[in-house]
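Chains as they are written, first to last, in our numbering: chain A, 7 to 417; chain B, 909 to 1025.
We treat Cβ as the ideally placed atom computed from N, Cα and C, and that holds for glycine.
Quick caveat, the model's predicted, so the values are computed rather than measured.
Here it is, written out as structure tokens:
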């Protein structure tokens, strides 16, 4: 059931919510004040390691296939090295750099304005669909396209359609071809289906995607295989395996971020005139973490700390582990659920939701946390379309000084 | 049209993040300001930001290091500043997007450059 007012849902007073907000602001200020050489060293080392792995992978695939003895072990090693390199580049480096986490260094390369990542989606479109749409409207039904990516029904409030019966298949295809699914994400499939997408904008985006996608295909399936000479088939297979590995891994990590049972959905009423503290609260309630050691967290782009990432998307990812200790304490203090579990359990819950919601609601029960009967909003929210509303469809926000719809507090 | 707008965008005469208000003066559109902040696009031309990032604001905004206008390209900022005598241009490598708290009378978010150049 979707939440329309986070403070009311959590039985928190306005003052408690703002107090929580101030505590989280303090965390932000402390991290910002302490950013420095150690953090810069971290990301520079990460990039060095990633490029080393990619180079090692490419060289292995160029040099080993010419002998029968080394062909298979070389292909396996090369694919593994390249797969890990692609995972690191997409998850820990590209995604985080594009959030502006490292802009403070004023590095000419490691900056959100420059970074073009090693996947088919153009960085510009990722920054729109992910940084803006997903992070601004996190888990708000009808707004956040990541609730199902336009092809999966992931909330009971989303209208069921007979096409949803196929979603176990769509899910498998999405996982396998995740790079291409992400590439098309900002096109907004739902708006195209409803013929609401501006054709000029779509053409512009498609041109960008085709250019980027072509370059990705050229790199992995033409240029590098050609450098292997007669054994180009081995290299193509290894490169495809590396891409598949990255696809499956990225899909799994991303699906653990907001689909486990504890991650809540919200209605559009929640975001109207949302304060900073309420935004923080929605991020905590709408995200889910998973447990793991440092290596798992690095390979996941530190998205095992999805809650902390959503609270502070532009703070350096290497800080999320430390921040999470304090966020957890705050959640305990204010009795706010902090959704966390082992990776396999979080993904298992996401998969169960995909299977269940392929059927109409009457055939299944919800796995979301039970709603206390005294909650004023404990009724089923009306069903919402999957598609995101355009600016023209959303109520305009008042931009003038001092104007807001809630009762003004005395200073 | 660019970014789903139903009109053309010109960085000086019809900047992306502004629309004419009831009195004919330019006003910032809240949703587009947020879009610029998070998508990291220029509030004037709506293209991806470059380096450095620039902000325009009056003396008070410069003194507070808190701007209402969204991030801009340096050249777009200079173009806009020419249309508004009270505006100055500030350059930075990074910024924070600060959402309003409940107690803020001004409900507009602000941009706080965090690596001034």
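Buried versus exposed, by CB contacts within 10 Å (16 or more), residue i
| i | result |
| --- | --- |
| residue 414 of chain A | Unreliable positioning characterises residue 414 of chain A in this predicted model, as indicated by a pLDDT of 34, which lies under 50. A coordinate reading is not provided. |
| residue 13 of chain A | buried |
| residue 218 of chain A | buried |
| residue 175 of chain A | exposed |
| residue 361 of chain A | exposed |
| residue 74 of chain A | exposed |
| residue 61 of chain A | exposed |
| residue 300 of chain A | exposed |
| residue 914 of chain B | exposed |
| residue 3 of chain A | Outside the displayed span of chain A (7 to 417) sits residue 3 of chain A, for which this structure offers no information. |
| residue 1025 of chain B | exposed |
| residue 167 of chain A | exposed |
| residue 229 of chain A | exposed |
| residue 991 of chain B | exposed |
| residue 246 of chain A | exposed |
| residue 96 of chain A | buried |
Proximal residues of chain A, C-beta to C-beta of residue i below 8 Å
| i | result |
| --- | --- |
| residue 956 of chain B | 119, 129, 130 and 133 |
| residue 965 of chain B | Those within 8 Å of residue 965 of chain B in chain A number zero; the least Cβ separation is about 14 Å. |
| residue 942 of chain B | 138 and 142 |
7 Å Cβ shell around residue i - same chain, five flanking residues per side excluded
| i | result |
| --- | --- |
| residue 46 of chain A | 111 |
| residue 131 of chain A | 192, 211 and 214 |
| residue 986 of chain B | 997 |
| residue 274 of chain A | 146, 148 and 149 |
| residue 68 of chain A | 233 and 234 |
| residue 129 of chain A | 104, 121, 122 and 123 |
| residue 1015 of chain B | 1008 |
| residue 158 of chain A | 173, 176, 177 and 360 |
| residue 353 of chain A | 258, 261 and 262 |
| residue 23 of chain A | 13, 283, 284 and 287 |
Closer than 8 Å to chain A by CB, residue i
| i | result |
| --- | --- |
| residue 1001 of chain B | yes |
| residue 946 of chain B | yes |
| residue 996 of chain B | no |
| residue 1023 of chain B | yes |
| residue 932 of chain B | no |
| residue 991 of chain B | no |
| residue 912 of chain B | yes |
| residue 959 of chain B | yes |
Proximal residues to residue i (C-beta, below 6 Å), its chain only, five neighbours per side dropped
| i | result |
| --- | --- |
| residue 1 of chain A | Residue 1 of chain A lies beyond the residue range present for chain A, which begins at 7 and ends at 417; the question has no answer from this structure. |
| residue 59 of chain A | 87, 90 and 91 |
| residue 277 of chain A | 146 |
| residue 184 of chain A | 253, 256 and 257 |
| residue 83 of chain A | 66 |
| residue 919 of chain B | 952, 953, 984 and 987 |
| residue 948 of chain B | 957 |
| residue 231 of chain A | 238, 241 and 242 |
Partner residues on chain B for residue i, Cβ-Cβ distance less than 7 Å
| i | result |
| --- | --- |
| residue 281 of chain A | 1008, 1009 and 1010 |
For residue j and residue i, believed in contact at Cβ under 8 Å, the rounded distance
| i | j | result |
| --- | --- | --- |
| residue 917 of chain B | residue 963 of chain B | That pair is no contact at about 19 Å. |
| residue 304 of chain A | residue 98 of chain A | 6 Å |
| residue 34 of chain A | residue 321 of chain A | 7 Å |
| residue 204 of chain A | residue 912 of chain B | 6 Å |
| residue 30 of chain A | residue 309 of chain A | Not confirmed; about 19 Å, so no contact. |
| residue 294 of chain A | residue 312 of chain A | 6 Å |
Chain B contact for residue i (CB, 8 Å cutoff)
| i | result |
| --- | --- |
| residue 11 of chain A | no |
| residue 231 of chain A | no |
| residue 407 of chain A | Confidence in residue 407 of chain A is poor, its pLDDT being 34 and thus under 50, which makes the residue's placement too unreliable to answer from. |
| residue 123 of chain A | no |
| residue 207 of chain A | yes |
| residue 29 of chain A | no |
| residue 285 of chain A | yes |
| residue 263 of chain A | no |
| residue 20 of chain A | yes |
| residue 204 of chain A | yes |
| residue 24 of chain A | yes |
| residue 106 of chain A | yes |
| residue 385 of chain A | A caution first: residue 385 of chain A carries a pLDDT of 42, below 50, which makes its placement in the model too unreliable to give a value. |
Interface partners of residue i on chain B, CB under 9 Å
| i | result |
| --- | --- |
| residue 110 of chain A | 1001, 1002, 1022 and 1023 |
| residue 114 of chain A | 959 |
| residue 38 of chain A | 1004 and 1022 |
Same chain, Cβ closer than 8 Å to residue i, five either side skipped, listed in chain order
| i | result |
| --- | --- |
| residue 237 of chain A | 71, 72 and 77 |
| residue 336 of chain A | 26, 29, 30 and 342 |
| residue 372 of chain A | 7 and 162 |
| residue 171 of chain A | 364 and 365 |
| residue 970 of chain B | 996 and 998 |
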